[in-house]
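>
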Amino acid sequence: MYIARVVGDVVSTHKNDRLDGKKLLLVRRLGLDNQPDGSVEVIALDVVDAGVGDRVLVVQEGSSARKIFNDNRIPVQAVVVGVIDSVNIG
Amino acid sequence: MFLAKIIGRVVATVKQDTLSNQPLQWIQPVDATGRERGQPVVAVDPIGLGPGELCYYITAREASLALAETFVAVDAGIVGKVDRIDLPELDPELEP
Numbered sequence: 067m068y069i070a071r072v073v074g075d076v077v078s079t080h081k082n083d084r085l086d087g088k089k090l091l092l093v094r095r096l097g098l099d100n101q102p103d104g105s106v107e108v109i110a111l112d113v114v115d116a117g118v119g120d121r122v123l124v125v126q127e128g129s130s131a132r133k134i135f136n137d138n139r140i141p142v143q144a145v146v147v148g149v150i151d152s153v154n155i156g
Numbered sequence: 024m025f026l027a028k029i030i031g032r033v034v035a036t037v038k039q040d041t042l043s044n045q046p047l048q049w050i051q052p053v054d055a056t057g058r059e060r061g062q063p064v065v066a067v068d069p070i071g072l073g074p075g076e077l078c079y080y081i082t083a084r085e086a087s088l089a090l091a092e093t094f095v096a097v098d099a100g101i102v103g104k105v106d107r108i109d110l111p112e113l114d115p116e117l118e119p
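From first to last, the protein sequence lines are chains L and Y. When we follow this note's numbering, the leftmost residue of the first sequence carries the number 67, and every step to the right adds one. When we follow this note's numbering, the leftmost residue of the second sequence carries the number 24, and every step to the right adds one.
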């Protein structure tokens, strides 16, 4: 899993049937300085009702992602699985 | 999944058997602002998109999940068309 910032809502009506009713979020992975680390943006499905601006926990592994939706044919790679309250360093 | 812009259709008559009847698109990965990120890739397109349209695609082992038939030799598959992305400017105060 990794820590990311939700930067946008992705609106998509024409898509794979198995994604009907699922919320898509655009996330940017964060580095230790809490800033985006410059890696490519990821589109993740949301199961915790996160919103733009939230710092979130993202699981990016296909089979874990499918397990979350209990659907082994759903085309998903990344899922927002938590909203981070705080991180204590040191 | 990742964002990309459709560059154009790829036509190949001679293909491995599992790829027959699978439309292919050449796509350029982009970020939310439209800036190009990385090298273009070829993806299967079960959605039916056209050049210039914004889409999101799935990669690696999961790519064939974009298709009805999952035993297909692909490593990138288009999952949906992006209508729009709501990108409110993030408040700098949000950064702790």
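Each residue gets a CB set at the ideal place from its N, CA and C atoms; glycine is no exception.
1. Measure the alpha-carbon distance for L:N154 versus L:G148 and round it to whole angstroms.
2. Would you mind telling me which residues of chain L sit closer than 8 Å to Y:D54, beta carbon to beta carbon, in chain order?
3. Based on DSSP bridge pairs, tell me the residues matched to Y:F25.
4. In terms of alpha-carbon separation, which member of Y:D106, Y:N44 and Y:L26 lies closest to Y:V33?
5. Against Y:A89, what residues of chain L qualify as contacts under a CB-to-CB distance less than 8 Å, listed in chain order?
6. Mind the definition here: the stretch 57 to 72 of chain Y touches the stretch 128 to 144 of chain L only if three or more C-beta pairs lie below 8 Å; say whether that holds.
7. Within this structure, are the beta carbons of Y:L110 and L:G74 separated by less than 8 Å?
8. In whole angstroms, what separates the C-alpha of L:D83 from that of L:S152?
9. Got a sec? Which residues, its chain only, sit under 6 Å from L:G128 by beta carbon, not counting five neighbours each side?
10. Around the Cβ of Y:V105, are there at least 16 other Cβ atoms within 10 angstroms (buried) or fewer (exposed)?
11. Note the first and the last residue of the continuous beta strand (DSSP E) segment covering Y:K104.
12. Going by CA-CA distance only, name the one from Y:V95, Y:E112, Y:R107 and Y:I108 that's closest to Y:T41.
13. Compute the Euclidean distance between the alpha carbons of Y:G73 and L:V114, then round it to the nearest angstrom.
14. Could you check which residue in Y:P69, Y:L88 and Y:G31 has the C-alpha nearest to that of Y:Q48?
15. Give me the chain Y residues within the contact set of L:A144, using Cβ-Cβ distance strictly less than 8 Å, ordered along the chain.
16. Taking 8 Å as the CB-CB limit, is Y:P85 close to chain L?
17. Taking a cut of 7 Å between CB atoms, which residues from the stretch 68 to 96 of chain L lie near chain Y?
Short version:
1. Sequence index remark: in the first sequence, residue 154 of chain L carries index 88 (1-based). Sequence index remark: in the first sequence, residue 148 of chain L carries index 82 (1-based). C-alpha separation (whole angstroms): 16 Å.
2. Taking the second sequence and counting its residues from 1, the one referred to as residue 54 of chain Y is at position 31. Going along chain L in sequence order, the residues near Y:D54 (Cβ under 8 Å) are V106 and E107.
3. Looking up residue 25 of chain Y in the second sequence gives position 2. Per DSSP, Y:Y80.
4. Here residue 33 of chain Y is taken as the residue at index 10 of the second sequence, counted from 1. Of Y:D106, Y:N44 and Y:L26, the residue nearest in Cα terms is Y:N44.
5. In the second sequence, residue 89 of chain Y corresponds to position 66, counting from 1. Neighbours of Y:A89 on chain L, chain order: N82 and P141.
6. These segments do not touch.
7. Here residue 110 of chain Y is taken as the residue at index 87 of the second sequence, counted from 1. Here residue 74 of chain L is taken as the residue at index 8 of the first sequence, counted from 1. Going by C-beta atoms, Y:L110 is nearer than 8 Å to L:G74.
8. The sequence position of residue 83 of chain L within the first sequence is 17, counting from 1. The sequence position of residue 152 of chain L within the first sequence is 86, counting from 1. Across the structure, L:D83 and L:S152 are spaced so that their CA atoms are roughly 36 Å apart.
9. On the first sequence, residue 128 of chain L is found 62 positions in, with the first residue counted as 1. Once the five neighbours on either side are set aside, the close Cβ partners of L:G128 are Q143.
10. Here residue 105 of chain Y corresponds to residue number 82 of the second sequence, with the count starting at 1. With 16 or more Cβ atoms within 10 Å of its Cβ, Y:V105 is classed as buried.
11. Counted from its first residue, the second sequence places residue 104 of chain Y at position 81. Where Y:K104 is concerned, the enclosing beta strand (DSSP E) stretches over A99 to K104.
12. Counting from 1 along the second sequence, the entry for residue 41 of chain Y is found at position 18. The residue among Y:V95, Y:E112, Y:R107 and Y:I108 with its C-alpha nearest the C-alpha of Y:T41 is Y:V95.
13. Position 50 of the second sequence holds residue 73 of chain Y. Position 48 of the first sequence holds residue 114 of chain L. In a straight line, the C-alpha of Y:G73 is about 34 Å away from that of L:V114.
14. Translated into the one-based positions of the second sequence, residue 48 of chain Y becomes position 25. Selected option, being the one with the closest Cα: Y:G31.
15. Residue mapping note: residue 144 of chain L aligns to position 78 of the first sequence, counting from 1. Correct list: M24.
16. For the purposes of this step, residue 85 of chain Y is identified with residue 62 of the second sequence, where counting begins at 1. Looking at the sequence provided, one finds Glu at residue 85 of chain Y rather than Pro. By this cut-off, Y:E85 is an interface position.
17. Among the residues of the stretch 68 to 96 of chain L, those with a Cβ less than 7 Å away from any Cβ of chain Y are V73, G74, D75, V76, V77, S78, T79, H80, K81, N82, L85 and L92, in the order of the chain.
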